[in-house]
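Per this note's numbering, numbering through the sequence shown is continuous, rising by one, with the last residue being 82.
The beta carbon of each residue, even a glycine, is placed where N, CA and C say it ideally should be.
As the structure is a prediction and not an experimental result, all values here were calculated from the model.
Below is one structure, written out as C-alpha cells, with a few remarks after it.
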Amino acid sequence: MKILNNYFRPSDNTSYIHFKDGDDREFLTNGIIIWQEGLNKKIANLIPDHEDFNLNHVYENLRKYHRYSSITKFLENMNKGDIS
C-alpha cells in the first residue's frame, strides 16, 4: 500500500487520497466512495497538496463506509506508527 498524493476540491470542501494497493492498482477515495476507473479525469479537477486537505475527515468516512478496506487498515496502522 502506498499513498500517491492527496487532493482537495474547494468547490465542495472535499479531500481525496490517491493510493496504490498491494496489487499495484490505483484508487482515489474521499472516504465515502472508492474509485478505480477514470482516475485521470477525476484528478484533473482536484488541487494536489492543498493546505485545506483533511486526512482525518477522509479517514473517518473510510471507517464509517469501508471499515475493512485495505486503505482504512493502512491508515489505522499509520496512526499507530506501523506503516507497512
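As assigned by DSSP and simplified to three states, the class of residue i
| i | result |
| --- | --- |
| N16 | Per the sequence presented here, residue 16 reads as His, with Asn not at that position. If DSSP states are grouped into helix, strand and coil, H16 belongs with the strands. |
| K62 | helix |
| K0 | strand |
| F72 | helix |
| S82 | In this prediction, S82 has a pLDDT of 43, which is less than 50 and means its spatial position is unreliable; what the coordinates show is noted afterwards. Here S82 sits in coil by DSSP. |
Of the listed residues the options, nearest to residue i (C-alpha basis)
| i | options | result |
| --- | --- | --- |
| D50 | I1, T12, M(-1) | T12 |
| I69 | K40, G29, P8 | G29 |
| I31 | Y5, I1, L60, L73 | L60 |
| K18 | T27, D10, L2, S9 | L2 |
| N54 | D10, E24, M76, D22 | M76 |
| Y57 | K39, Y14, P8 | Y14 |
Any C-beta of chain D under 8 Å from that of residue i
| i | result |
| --- | --- |
| F25 | Note that chain D does not occur in the displayed structure, where there is just one protein chain. |
Give the list of continuous beta strand (DSSP E) stretches no shorter than 3 residues that lie fully inside the region 19 to 43. 24 to 27
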